[in-house]
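Basically the working numbering = 1-based index in the sequence shown + 1425.
The beta carbon of each residue, even a glycine, is placed where N, CA and C say it ideally should be.
Predicted model only: the values in this text are computed from it and were never measured.
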Amino acid sequence: MTEKLNLRPPQNVEEVPEIWILFSLLSSLSDQIRTSLDNLRRKKEELLATKDNARKQSQDLLNIASKLQRCEQKEKLETPAPFPPAIKWRIWDFWDANSILENATKTLKDNLKCRTPQHKETVTLDPKTAHPQLLISEDGTSLTLGDQQQSPPDGVWRCVLGSQDFWTGRHYWDIDVGQGEGWAIGVSIRRVHYDQDKPFGPETGLWALGKWEGQYRAVSPPLNPPLALSEEPKKIRVSLNCLGRQVTFFDAETAALLHACPISVGCVYIYYPFLCLWEKSCLTLDP
C-alpha cells in the first residue's frame, strides 16, 4: 500500500490562508495518486492472471495438436487387412437368399424355398438368337463383334442370349469383360427382338449393366445412370434369384457389389443370360 502523505496544517492558519489552500490541494492530490496506484496494481495482477491462462490454453492446444498428429501418422502406418473374398461371397449369398424372405409368405412352403442353394451355371451362347454382326466362338463361350460398329444402346442392339433358361431357383455365372467397353450383360425374360421400338431396360424385360463412354452404367433408359465403382472389374458375376425376383452384379474377383436390379412382382417369367456388343470388345463366359 502507498503511504499517505503526512501533511499537517500550519499552526496559524488565519495568518497564512494561501498555505492552507495549498495544503488542501496537496492532500486531495495525494488521495488521487494513492487510488490510481491501487488501480494500476490491480490491473497488473489481472493482466498477469490473463497471461498465465493464455499460456496454459496455448499449451493445451499444442498438446491436442501433437496427439492429433500422432493419430494421423498411426492411421497412415496401419493398413487394414483385406477382407477375404470367400467371406464376402458367404455374406452376399446370405443377403441374396434373404430377399426371398421379404417377398415370400410365412407359409412352410416358402420357408423351405428360402434354403434353395445357389447353383453355378455353365452358360453357352445360342447362335440362333445372335445378331448377324456378332461372332461366337465354336465352344459358344466367347463373343466378339464383326467389322461394323454402332453407338451404344441408342442405336441398334447387337445381342445374343444364352442357350440355358431359368424360371426358378438361384443361379449365377461369371463373364470376363476385360478392359474394353461398348458392352452390356445381364438377364432377359424373352427372346430379343432387334427391331422393337421401346429401348431395352427393366420395363421391357431386361436387367443389365454395361460400360460405354468411359463409364459403367445401369441399363435403365433414358438416363442409364452411371455406377460409382471403387475399382474397375475385369470379371463380373451375374446372380439371378428367381424366387427373390432380383438380378445382382458382383465383381467376381473381389465380391464387391456392383449393382442390384429388383424384378417387378408379376407373372412367372423364363429368364435367359443376355450379352450385347457394339464396339470392338470381347466377352467370355467362364466354363
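>> Using C-beta distances below 7 Å, list every residue in its chain close to Glu-1657, excluding the 5 sequence neighbours before and after it, in chain order.
In response: Nothing listed; no residue qualifies.
> Hey, quick one: how far does the beta strand (DSSP E) through Tyr-1696 stretch, first residue to last?
Replying inline: Going by DSSP, Tyr-1696 is part of no beta strand (DSSP E) at all; its letter is neither H nor E.
>> Is it buried or exposed, Gln-1671, if we count other Cβ atoms within 10 angstroms and call 16 or more buried?
In response: With 16 or more Cβ atoms within 10 Å of its Cβ, Gln-1671 is classed as buried.
> Taking C-beta to C-beta, are Arg-1642 and Gly-1630 nearer than 8 Å?
Replying inline: Result no, Cβ atoms of Arg-1642 and Gly-1630 do not sit closer than 8 Å.
>> So, at 6 Å on beta carbons, what are the nonlocal neighbours of Ala-1609 in its own chain, with the 5 sequence-adjacent residues on each side left out?
In response: Excluding positions up to five away in sequence, the list reads Ala-1633, Gly-1635, Val-1644 and Cys-1701.
> Are Thr-1679 and Asp-1521 close, meaning C-beta to C-beta below 8 Å?
Replying inline: Asp-1521 sits away from Thr-1679, with the two beta carbons spaced by 8 Å or more.
> Considering only residues of the same chain and omitting the five flanking positions on each side of Val-1548, which have a CB-CB separation below 7 Å?
Replying inline: Closer than 7 Å at Cβ, skipping near neighbours: Gly-1587, Gln-1589, Trp-1598, Pro-1698 and Leu-1710.
>> Using only CA atoms, which one of Thr-1566, Leu-1665, Gly-1607 and Leu-1550 lies nearest to Glu-1638?
In response: For the residues Thr-1566, Leu-1665, Gly-1607 and Leu-1550, the minimum Cα distance to Glu-1638 belongs to Gly-1607.
>> Taking the beta strand (DSSP E) that Arg-1595 belongs to, which residues open and close that run?
In response: Unbroken beta strand (DSSP E) run through Arg-1595: 1595-1601.
> What are the boundary residues of the beta strand (DSSP E) that includes Gln-1543?
Replying inline: Start and end: 1543-1545.
> Among the residues of its own chain, which have a CB less than 6 Å from the CB of Pro-1651, if the five just before and after it don't count?
Replying inline: Cβ within range, chain order: Gln-1640 and Arg-1642.
>> Short of 7 Å in beta carbon distance, which residues of its chain neighbour Leu-1533, apart from the five on each side in sequence? Order them along the chain.
In response: Model confidence at Leu-1533 stands at a pLDDT of 45, short of 50, so the residue's coordinates are unreliable; what they give is reported in the following sentence. Once the five neighbours on either side are set aside, Leu-1533 has no close Cβ partner at all.
> Taking C-alpha atoms, which residue in Gln-1498, Gln-1543, Pro-1507 and Glu-1497 lies nearest to Asp-1518?
Replying inline: Nearest C-alpha to Asp-1518: Gln-1543.
> Is Cys-1667 closer than 8 Å to Phe-1591 when the C-beta atoms are compared?
Replying inline: Taking 8 Å as the Cβ cut-off, Phe-1591 and Cys-1667 qualify as a contacting pair.
> Measuring CA to CA, which of Lys-1705, Glu-1704 and Ala-1681 is closest to Ile-1516?
Replying inline: Checking every option, the nearest Cα to that of Ile-1516 belongs to Ala-1681.
> Alpha carbon to alpha carbon, what distance is there between Leu-1462 and Gln-1482?
Replying inline: The straight-line gap from Cα to Cα measures roughly 30 Å.
> Near Asp-1620, which residues of its chain fall below 8 Å by C-beta distance, leaving aside the five closest residues on each side in sequence?
Replying inline: Interpretation of Asp-1620 is limited by its pLDDT of 47, a score under 50 that renders its predicted location unreliable; no figure is taken from the coordinates.
> Can Leu-1550 and Val-1602 be called in contact, C-beta distance under 8 Å?
Replying inline: Going by beta carbons, Leu-1550 and Val-1602 fall outside the 8 Å limit.
>> Please report the distance separating the alpha-carbon of Val-1663 from that of Phe-1675.
In response: C-alpha separation (whole angstroms): 7 Å.
> What does DSSP give as the partner residues of Asn-1754 in its beta bridges?
Replying inline: Shown here, the chain extends from 1426 to 1712; a query on residue 1754 therefore has no answer.
> How many angstroms separate the CA atom of Thr-1475 from the CA atom of Ala-1653?
Replying inline: Cα-Cα distance, rounded: 54 Å.
>> At the level of alpha carbons, what is the spacing between Arg-1583 and Pro-1557?
In response: Cα to Cα, Arg-1583 sits roughly 8 Å from Pro-1557.
> Per DSSP, Gln-1640 forms a beta bridge with which residues?
Replying inline: In DSSP, Gln-1640 forms a bridge with Trp-1637.
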